[in-house]
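Notes follow the structure.
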Amino acid sequence: EKRVGLLLITGDRGLAGAFNSQIIRAGTRRASELEDDGKEVVWYASGRRGVSSLTFRGLQVEGEWQGFTDRPAFSDARDIAGDIASQYIDGKVDRVEMIYNGYVSPLTQDVTTDVLLPLKAVEQLLEEDDDAEGETDERDSGHKTLWIYEPDPEEILKRLVPDYIEISIYRALLESTASEHGARMTAMRSAQENAGDMIDDLTLEMNRQRQAEITQEIMEVVAGAEGLS
């Protein structure tokens, strides 16, 4: 594996606390690990925040998808999967990892990294198919075939692998959207509480200033009255 693609799934908007920034940090940290191993990193990003952050850092974004993170549709996941799968098939990347905010609760988002391509299950299935063919050839020697695939594994994989990639990306988009709403709700609640505390502090300071001014005016009136008497 010489070239590894990193797909960062972020939001289109901000005001969500560390929701977007923690994905960028996780992505850059993972990129450093890969580069230390002598691998080249290819960047992909879903969401305006991810695209703008990578561009601001001077990194070239090979694929970007924006404008749907508030309510992602399956067609959006299909577009992302199609583009990335094409680059994988063409040999432009040897491995693709997906980094996103996994939904735990409205208060908790877990930065998650999934290997999108290659699929270990596919490699295992093809190896099992080769083993099954070997067992078929040795049937005359007393070995028995344990299973038969119908249709053959390659035909099955041609249909299932694209569906699996699309579903995996769609699940990540949905979890990211749910996490974003939870993070924004938490951030806005915190901002509201902080604003309330600031208003209380400023109101108290204003009352103190008014009281000091009134006290000063009373003292001046009293002093003036004493001077006249």
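What the sequence shown shows, in the numbering used here, is residues 103 to 331, in sequence order.
Here a beta-carbon is modelled for each residue, glycine too, at the ideal position from N, C-alpha and C.
Just so it is clear, the structure is predicted and the values come from calculations on it, not from any experiment.
Closer than 6 Å by C-beta to I126: which residues in its own chain qualify, once you throw out the five before and the five after it? Chain order, please.
The residue given as residue 126 occupies position 24 in the sequence shown. S155, listed in sequence order.
Given this structure, state the Cα-to-Cα distance separating S123 from T305, to the nearest angstrom.
Mapped onto the sequence shown, residue 123 falls at position 21. Mapped onto the sequence shown, residue 305 falls at position 203. Spanning the two alpha carbons is a distance of roughly 35 Å.
Please give me, in chain order, every unbroken run of the beta strand (DSSP E) with length at least 3 that falls completely inside the segment 166-193.
Listed in chain order, there is nothing to give.
So what does DSSP say about I369, is it helix, strand or coil?
For the chain, the structure presents residues 103 to 331; residue 369 sits outside this window and is missing.
State the Cα-Cα distance for the pair E295 and V106, rounded to the nearest angstrom.
To locate residue 295, count along the sequence shown from 1; it is residue 193. To locate residue 106, count along the sequence shown from 1; it is residue 4. Their Cα atoms are separated by approximately 43 Å.
Would you give the residue range spanned by the alpha helix (DSSP H) that Q318 belongs to?
Counting from one through the sequence shown, the residue named residue 318 turns up at place 216. Q318 -> alpha helix (DSSP H) spans P255 to L330.
So what's Q124 in DSSP terms, helix, strand or just coil?
Taking the sequence shown and counting its residues from 1, one reaches residue 124 at position 22. Reduced to three states, the DSSP call for Q124 is helix.
Which term fits E268, buried or exposed, when burial requires 16 or more other beta carbons within 10 angstroms of its beta carbon?
Numbered from 1 along the sequence shown, position 166 holds the residue referred to as residue 268. Buried is the call here.
What first and last residue would you give for the beta strand (DSSP E) that runs through R151?
As a first step, residue 151 is located in the sequence shown; it is residue number 49 there, counting from the start. Run containing R151: none in the beta strand (DSSP E); it sits in the alpha helix (DSSP H), R150 to F158.
Which of the three DSSP states is assigned to E135 in this structure?
As a position in the sequence shown, residue 135 is number 33, starting the count at 1. Three-state result, E135: helix.
May I ask you to verify whether the segment 269-288 touches the segment 195-215, counting CB pairs closer than 8 Å and requiring at least 3?
The segment 269-288, when compared against the segment 195-215, does touch it at the 8 Å Cβ threshold.
Any idea which residues DSSP pairs T210 with across the strands?
Position 108 of the sequence shown, counting from 1, holds the residue named residue 210. DSSP, once it has assigned bridges, lists S207 as partnering T210.
Rounded to whole angstroms, what is the Cα-Cα separation between M200 and I301?
The residue you call residue 200 lines up with position 98 of the sequence shown. The residue you call residue 301 lines up with position 199 of the sequence shown. One C-alpha to the other measures close to 43 Å.
Once DSSP output is grouped into helix, strand and coil, what is the label at G129?
Working through the sequence shown from its first residue, we reach residue 129 at position 27. G129 falls in the helix class under three-state DSSP.
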